[in-house]
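Q:
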Amino acid sequence: MYMKKKTTDISNLSEKLISNGYKITKQRCEIIKAIYENSVHMNADEIYKKVKHKKIGLSTVYRNLMILETVGIIKRINAANTSYYELQTIGEIDIHAKCIRCNKIVDIKKEKLEENAKKLIKNIKQERGSIINSASIVLSVICEKCKSEIILNRDSNKGRDG
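Okay, so the sequence shown: first residue is 134 according to this note's numbering, each after it adds one.
1) Report all residues from its chain with a CB closer than 7 Å to the CB of C232; omit the five preceding and five following residues, and keep chain order.
2) Take every Cβ of the stretch 233–249, pair it with every Cβ of the stretch 186–199, and state whether three or more of those distances are shorter than 8 Å.
3) Using 8 Å as the Cβ pair cut-off and three pairs as the minimum, do the stretch 148–158 and the stretch 210–220 touch?
4) Just confirm the distance between the C-beta atoms of I270 and S263, as a whole number of angstroms; I'd bet it's less than 8 Å.
5) For Q160, which of T193, S216, A230 and I265 has the nearest alpha-carbon?
6) Do you know how far the Cα of D227 is from the Cα of A268?
7) Going by C-alpha to C-alpha distance, which of L220, S281 and Q221 sits closest to R234?
8) In the structure shown, what three-state DSSP assignment does Y217 receive?
9) Looking at I180: is its Cβ nearer than 8 Å to the Cβ of A167?
10) To the nearest angstrom, how far is the alpha carbon of I164 from that of Q221?
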């Protein structure tokens, strides 16, 4: 339900690090692996929990997330004062939905929505003469699971009122 796309070509990640003057370290590889293998968007603390058994500290995770973002390997999604991370995808418009109740983030993959977003970006390019490198849209929603829980709680409270 909270699946990410895995359309990133990970074969050239080493090349990106080296060409930007960074070494390929065990820690960077483990952080990239944690992000790539996980099916949900994770914040720095969640990534840390995935790699701490490899003796990687939280400050190392934060430092490497900054480097990996700088060289274009990962992308940060800012939603409600929290940063989440995913591998950078090239030429795609990312549309995310973030549940305001449980904070889960899900990629939205709807052709019509993406089509309209592409038109919007094309218009912005034409109007402003800008070069748009990437685009990310975050919608605030209540996910299906939380919506069901709200309805269940509401219905159980109705029984008490009567």
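The C-beta atom is built at its ideal place from N, Cα and C for all residues, glycine as well.
A: Answer, in terms of the structure:
1) Excluding the 5 residues flanking it on each side, C232 has same chain C-beta neighbours closer than 7 Å at V274, I275, C276 and C279, in chain order.
2) no
3) no
4) With 8 Å as the limit, I270 and S263 do not qualify as a contact, their Cβ atoms being about 17 Å apart.
5) For Q160, the closest of T193, S216, A230 and I265 by C-alpha to C-alpha distance is T193.
6) For A268 and D227, the distance between alpha carbons rounds to 6 Å.
7) For R234, the nearest C-alpha among the options comes from S281.
8) strand
9) yes
10) 14 Å
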